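Q:
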Amino acid sequence: MSVIRFTLNGRAREFRGAPKLSLLRYLRDEAELTSVKDGCSPQAACGCCTVELGGKAVLSCVTEMSRVEGAEVRTVEGLEPRAQEAFVDAFKSCGGVQCGFCIPGILLRARNLLRRVAAPTREEAARALNQHLCRCTGYKKILDAILAAGRALRGQAPPPPTREGRVGVRLPKQGLDDLVLGRKRYVADLSAPGMLHAALRLSDHPRAVVKRLDASAALAREGVLRVLVAQDVPGRRLHGLIVQDWPLLVAEGETTRYDGDVLAVAVATTREAAREAARSIRVDYEALEPVVDPAQALAASAPALHPKGNRLGASRAVKGDAEAAFKRCAHVVEGVYATQRIEHGFLETEACLAVPEPGGLTVYSQGQGVYEDRRQLAAILGVPERAVNVVLVPCGGGFGGKEDLLIQGHAALAAQLLRAPVKLELTRDESIRMHPKRHPLRMEYRLGCDADGKLLALRARILGDTGAYASVGMKVLERAAGHATGGYHVPNVDVEAVAAYTNNVPCGAMRGFGANQATFAMESAVDELCSLGGFDRWRFRYDNALTDGSTTATGQALAGGVGVRACLEAVRDAFRSARYAGLACGIKNTGIGNGMPDASEVEIAVLAPDRVEIHHGWTEMGQGVDTVAVQVVCQETGLDPAIVHVRVRTEDAAPSGMTTASRATSLVGNALIDACQRLKDELQARPLADLVGRRYRGRWTCDWTNKPGHPADGKPEVTHYSYSYAAQVAILDDAGRVAKLVAAHDAGRVINPTLFEGQIEGALHMGLGYALTEALPSKGGRLESTRLRDCGILRAREMPEVEVLAVEVADPFGPYGAKGVGEIGLVPTAAAVANALYAFDGIRRRTLPMSRKP
C-alpha cells in the first residue's frame, strides 16, 4: 500500500488508506479535526468543508487524499494565533455569527483572501465567498467581520465588545469564540466509547406496497451487527407532533406514502459499513400511482392515503358579512396566487447520538424541542419519560425544519436494542429528501374597498399540499387563514384554508408558518386595489393599517403594542424617494395560541461563586435565545454575564414547548424575570458566594387564547397573546434588479440590537430567495433534485444592500415590552419585491418564485 506524506497544521503526517478517500473524511474521522464541517458532501455546494491546501482554499469534500501528497494542509486549528484573534474579535464586534456552522470554512476562505489582498473591497470579499452558503445571517455581518479582520491584521483593532449584560446592549453571542474557531461541537462531531453507526434504507417509491424486505445480504457484510425493521419497535410505531400518523418504520404489507419513508435501519461498526448495508437491503414492491395534486387528493375518486382520508384539516376565519359587503364596494380585485415548496437549507444536516445509560437512555438531539423529543421517544421505546434524557446540542440552523422527530427515534431504537451508543447522520441528499418543507399554497383572493379606499371585504380560499404526513400542516393552514388580512383591518372576512395529504414530501413548519404565503397574496391584492382606484400606495396602507382596537382576520381586537403605522412611517421616505419601489406590510403571531397554552419553566442554579447556570427548554439554533436569557438575568440581578451560562437537557426539568412561533424570547424572558425576583431579593442581603447550591425556579404561562371563532363564554376573541409587525420596501435599479431592501420591524423592545439586526438581515435573505430564486419542484411524487445547489439559495454576491430599522412599540405581555422577531423578517419580503417589479414593468406576478432575478 502506497504512503501519502503531507503536513497538517505544521506537523508531518502519513496516510496509508485509499487514495480516493476525501480529505474531509480523513480530517474528521482520522485526524479528529471537527472544525471542518460536512454540510453537503460530496455535493461541493456549501463551503463548510473549506481548508487550505498548498496555500489555496479548497473544498475538502471533493479533494482526494491523493492530491495532498507533499502538500501543506491547514485548518482553522492551524491558523496563526494573530489571525485567530483578529477573526474572533472581528466576528464579535460585527455580530457575524448566528448558528456558526458555516463560519470555520468562511474563516479559512477569508484568511486566504486577506493573504492575497490585504485590504479587499466589500465586493471582493463577497465574490470570495462564492462557494459558501450561510442561511442565517444574510452575509452582511459576515462581510463586515471579514473587512474588520483585515483591518485588525493591518493594525487597526476593532473596539472591545461590551462586558455589560443588561437589556438593550450588544452583548456578544454566547460561545462566540468557540463558534468562530470551530471548537463548538455539533451532534455529528460527538462520539462515545464503543459507538456504532446506523444508516437508513429509504423507500424507492412514493406510493407502493412493501411486499418483502430481504436483509440477508446486508447482514452478511463485514461489520454489520443488525438490521432493524418495523416489528422491532417495542412501543408505538406511529409518531407525530400533533397527529400520530408517521411510521418510524414502514412494515411489510403496508404502503409507503413518500419516497423518504424508512423501511429499515442498518447498524454496523463503521459509517461506511452501515451505509453499504442499508444499500444492500432488497425490497420487493407493488408500485402504485402516487397522488401528487392536493385538489385531486380531495376528490371523491382519489385513493385514501390515510385511514381518515386525504383532508388533514380545515380552518375558517369569518367575521361580518363579506358577501353583503362586496355589494357596497366601489373597487374589487380578484386573483389566484401560488407559492412554491422550498427547502429550509440549514447547513447542519440531521444527526443524532443515543447512548444507553443505567436505567435509561441519553439522546443528544439538535431538535427544536427536547421535551417533545422525549415524549415521542418514550412512546416509541415503550418506556416512561423519566427513562429518556434528551440533551440539546445547539444546532446549525433550524428554521422550523427540525421540529419533527425525523431520525432521533431510529438512533434511540438502535441504541436501546443493541445496548451500545449509536450515531445516525443524514447526507444532504437524504436530508432534503426526508424532512418537511414549506407548504406550497394556492390562494384565491377577492378584496374590495369603498370609493375612499377603505377596505370592506375579503374572501379567500386557500389550499395547501401538506404532503405525506401531518407534521404541523393543519396549523400552518390555520395561520394562513388567521393572517389572511395581513396588517390591515378588514371588517368583513370569509376565509377557508384546507390542508390536503398527498404522496409528496411532507410539509410542515418553516419560518413564517403560513403568514408568508398569505401576505404575498394580500399585499399583491392591496397594490392592485391601489392601481384600480388610483390610491396612493403608502397612504392606502397607512389608513387601513391595524391600530389599537382593530380586529385581525380571526376577529381578535388588538389591545396595545400595534406597530404597523410606526413601521410605515419609518420606511415612508425610502419608499417615496425611489423610482421603482414596492411596499408591503406584515404581521406575525408570537406564541402558538389558538386555544393551546404557551408556557415556559426555568431554573437558575448557583453552582459556584463564579458560575450561575440557566436551565430552560428552548433550542439555540443561531437566533440567540441563550444570549437573551443571559441578558434578562443580568438585567434583573446585576450579575456579570461572564459567569452566567445556559444548559438545556430534560433531566433539569425546565419544560417548554417547541422552539417555534417566535415565542422563545417572550416565554423564557418572562419566566426568568419571575425566577429572578427571589434571587434578586436574596442578593440584596447576601453575596452570591453564600447562595451556592440554591436554585430559583420561574414560570410564565399564557392560557387565555381560544381557537378562532370559539371564545369562552363572555370572553373576547383572543387568538394569540401577541404579534410583531413590519413594513418593508424593495427598491429596484434602472435594470429592474433589487438594489436595496429597507425593513422596519417593530420589536417592542430590542433586547440585543446585534441579534435583532442579524435576525432581520438573515430573514430578508431567505425572503428574497423565496421571492425570486428558490424552489423545490417535484414530479410524480419525487423531488426533481436533492442537490443543495439546485435549491436556489442566494450567495453573498447576489444580496442587495440591506437596511434594518428598529421600531419599538411596547408589547403589553413581552418582557420589557419585547416581541418575537424570528419569523416576521421575511413575511412581507416577497410581496414587496412583487410590487416593486410591477412598478418597474407593469406586470403583475402572482406565482413564486418570480422570473426576474436580483
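Read in order, the letters of the sequence shown correspond to residues 247 to 1100 in the working numbering. Ideal Cβ positions, reconstructed from N, Cα and C, are used throughout, including at glycine. Nothing here was measured: the structure is a model prediction, and the numbers come from that model.
1) For residue 1084, which residues in the same chain have their Cβ closer than 6 angstroms to its Cβ, ignoring the five residues on either side in sequence?
2) So what does DSSP say about residue 514, is it helix, strand or coil?
3) Is it true that the segment 629-647 meets the segment 853-872, where meeting means three or more beta-carbon pairs spaced less than 8 angstroms apart?
4) Which of the three DSSP states, helix, strand or coil, is assigned to residue 563?
5) Whole angstroms is fine: what's the gap from residue 1099's alpha carbon to residue 1079's?
6) Measure how close the beta-carbons of residue 706 and residue 720 come, nearest whole angstrom, since I'm counting them as under 8 angstroms.
7) Measure from the alpha carbon of residue 295 to the alpha carbon of each residue in 320, 907, 1049 and 1038, then state which is nearest.
8) Run through DSSP, which three-state label would residue 1091 get?
9) Using the C-alpha atoms, what's the distance from residue 1034 back to residue 377?
10) Give every residue of the same chain whose Cβ lies closer than 7 angstroms to the Cβ of residue 821, excluding the five residues on either side of it in the sequence, and list them in chain order.
11) Indicate whether residue 1071 and residue 1009 have their beta-carbon atoms separated by less than 8 angstroms.
12) Which stretch, first to last residue, makes up the alpha helix (DSSP H) that contains residue 678?
13) For residue 617, report the span of its alpha helix (DSSP H) as first-last.
14) Roughly how many whole angstroms lie between the Cα atoms of residue 1097 and residue 681?
15) Sorted by chain position, which residues of the same chain lie with C-beta nearer than 8 angstroms to residue 253's C-beta, five sequence neighbours on each side aside?
16) Give the range of the alpha helix (DSSP H) segment to which residue 1012 is assigned.
17) Can you give me the Cβ contacts of residue 602 inside the same chain, cut-off strictly under 6 angstroms, excluding the 5 residues immediately before and after it?
18) The beta strand (DSSP E) spanning residue 609 covers which residue range?
19) Across which residues does DSSP place residue 281 in a beta bridge pair?
20) When the Cα atoms are used, what is the spatial distance from residue 779 to residue 972?
21) Determine the extent of the alpha helix (DSSP H) in which residue 1062 is found, giving its start and end residues.
22) In the DSSP assignment, what are the bridge partners of residue 473?
23) What did DSSP end up calling residue 776 once you bin it into helix, strand or coil?
24) Per DSSP, what kind of secondary structure is residue 1037 in: helix, strand or coil?
25) Which one of 1025, 1050, 1017 and 1028 has the shortest CA to CA distance from residue 1039?
26) Starting from the N-terminal side, write out each stretch of the beta strand (DSSP E) that is 3 residues or longer and does not extend beyond the segment 794-840.
27) Is the segment 539-553 in contact with the segment 510-529, if contact means three or more CB pairs nearer than 8 angstroms?
28) Quick one: what's got a C-beta closer than 6 angstroms to residue 1088's C-beta in the same chain, skipping five residues either side?
29) Using the Cα positions of residue 739 and residue 916, report the straight-line distance between them to the nearest angstrom.
30) Using the DSSP secondary-structure output, state which residues sit across from residue 711 in a beta bridge.
31) Residue 458 to residue 500, Cα distance in whole Å?
32) What span of residues does the alpha helix (DSSP H) with residue 974 cover, start to end?
33) Could you spell out where the beta strand (DSSP E) holding residue 783 opens and where it closes?
34) Whole angstroms are fine: how far does the CA of residue 559 sit from the CA of residue 745?
35) Along the chain, where does the beta strand (DSSP E) that runs through residue 904 open and close?
36) Out of 727, 899, 824 and 647, state which residue places its alpha-carbon closest to the alpha-carbon of residue 589.
A: So, to answer that:
1) By one-based count along the sequence shown, residue 1084 stands at place 838. Here the set comprises 1090.
2) In the sequence shown, counting from the first residue as 1, residue 514 sits at position 268. Three-state result, residue 514: strand.
3) A contact exists between the segment 629-647 and the segment 853-872.
4) Translated into positions along the sequence shown, residue 563 becomes position 317. Note: residue 563 maps to strand in three-state DSSP.
5) Here the question's residue 1099 lines up with position 853 in the sequence shown. Here the question's residue 1079 lines up with position 833 in the sequence shown. For residue 1099, the predicted structure reports a pLDDT of 47, less than 50, and the residue's modelled location is therefore unreliable. A value from the coordinates is still provided. For residue 1099 and residue 1079, the gap between their C-alpha atoms comes out near 10 angstroms.
6) Translated into positions along the sequence shown, residue 706 becomes position 460. Translated into positions along the sequence shown, residue 720 becomes position 474. Contact doesn't hold; Cβ gap of about 17 angstroms is too wide.
7) The count along the sequence shown starts at 1 and reaches residue 295 at position 49. That would be 320, whose Cα lies nearest to the Cα of residue 295.
8) Locating residue 1091 in the sequence shown gives position 845, counting from the first residue. DSSP places residue 1091 in coil when its eight states are reduced to three.
9) Translated into positions along the sequence shown, residue 377 becomes position 131. Translated into positions along the sequence shown, residue 1034 becomes position 788. Answer to the nearest angstrom: the Cα atoms are 12 angstroms apart.
10) The sequence position of residue 821 within the sequence shown is 575, counting from 1. Cβ within range, chain order: 784, 827, 829 and 975.
11) As a first step, residue 1071 is located in the sequence shown; it is residue number 825 there, counting from the start. As a first step, residue 1009 is located in the sequence shown; it is residue number 763 there, counting from the start. For residue 1071 and residue 1009, yes; Cβs fall inside 8 angstroms.
12) Here residue 678 corresponds to residue number 432 of the sequence shown, with the count starting at 1. According to the DSSP assignment, residue 678 belongs to the alpha helix (DSSP H) that extends over 674-680.
13) As a working mapping, residue 617 is identified with position 371 in the sequence shown. Start and end: 616-627.
14) The count along the sequence shown starts at 1 and reaches residue 1097 at position 851. The count along the sequence shown starts at 1 and reaches residue 681 at position 435. Rounded to the nearest angstrom, the two C-alpha atoms are 27 angstroms apart.
15) Counted from its first residue, the sequence shown places residue 253 at position 7. 259, 317, 318 and 319.
16) Walking along the sequence shown from the start, residue 1012 turns up at place 766. Start and end: 999-1018.
17) Within the sequence shown, the letter at position 356 stands for residue 602. Within its own chain, the residues whose Cβ lies closer than 6 angstroms to the Cβ of residue 602, once the five positions on either side in sequence are excluded, are 661 and 665, listed in chain order.
18) Here residue 609 refers to the residue found at position 363 when the sequence shown is read from its first residue. For residue 609, the enclosing beta strand (DSSP E) stretches over residues 606-611.
19) Within the sequence shown, residue 281 is the residue found at index 35, counting from 1. For residue 281, DSSP assigns no beta-bridge partner whatsoever.
20) In the sequence shown, the residue the question calls residue 779 occupies position 533. In the sequence shown, the residue the question calls residue 972 occupies position 726. The straight-line gap from Cα to Cα measures roughly 25 angstroms.
21) Residue mapping note: residue 1062 aligns to position 816 of the sequence shown, counting from 1. From DSSP, residue 1062 is part of no alpha helix (DSSP H); its letter is neither H nor E.
22) Counting from 1 along the sequence shown, the entry for residue 473 is found at position 227. 512.
23) Your numbering for residue 776 matches position 530 in the sequence shown. In the structure shown, residue 776 sits in a helix (DSSP, three-state: H, G or I).
24) As a working note, residue 1037 is residue 791 in the sequence shown. Residue 1037: helix per DSSP, three-state reduction.
25) For the purposes of this step, residue 1039 is taken as the residue at position 793 of the sequence shown. Selection 1025, 1050, 1017 and 1028 evaluated against residue 1039 yields 1017 as nearest (Cα-Cα).
26) 826-836
27) no
28) As a working mapping, residue 1088 is identified with position 842 in the sequence shown. Within the same chain, residue 1088 has no close Cβ partners at all.
29) Numbered from its first residue, the sequence shown carries residue 739 at position 493. Numbered from its first residue, the sequence shown carries residue 916 at position 670. Going by C-alpha positions, residue 739 is about 34 angstroms away from residue 916.
30) Position 465 of the sequence shown holds residue 711. Answer by DSSP bridge pairing, in chain order: 746.
31) As a position in the sequence shown, residue 458 is number 212, starting the count at 1. As a position in the sequence shown, residue 500 is number 254, starting the count at 1. Cα-Cα distance, rounded: 10 angstroms.
32) What you label residue 974 is simply residue 728 of the sequence shown in a count that begins at 1. Residue 974 -> not in any alpha helix (DSSP H); beta strand (DSSP E) instead, spanning 968-978.
33) Counting from one through the sequence shown, the residue named residue 783 turns up at place 537. Segment 783-790 is the alpha helix (DSSP H) holding residue 783; no beta strand (DSSP E) there.
34) Numbered from its first residue, the sequence shown carries residue 745 at position 499. Numbered from its first residue, the sequence shown carries residue 559 at position 313. Distance between the alpha carbons of residue 745 and residue 559 is about 5 angstroms.
35) Numbered from 1 along the sequence shown, position 658 holds the residue referred to as residue 904. From DSSP, residue 904 is part of no beta strand (DSSP E); its letter is neither H nor E.
36) As a first step, residue 589 is located in the sequence shown; it is residue number 343 there, counting from the start. Among 727, 899, 824 and 647, the Cα nearest to that of residue 589 belongs to 647.
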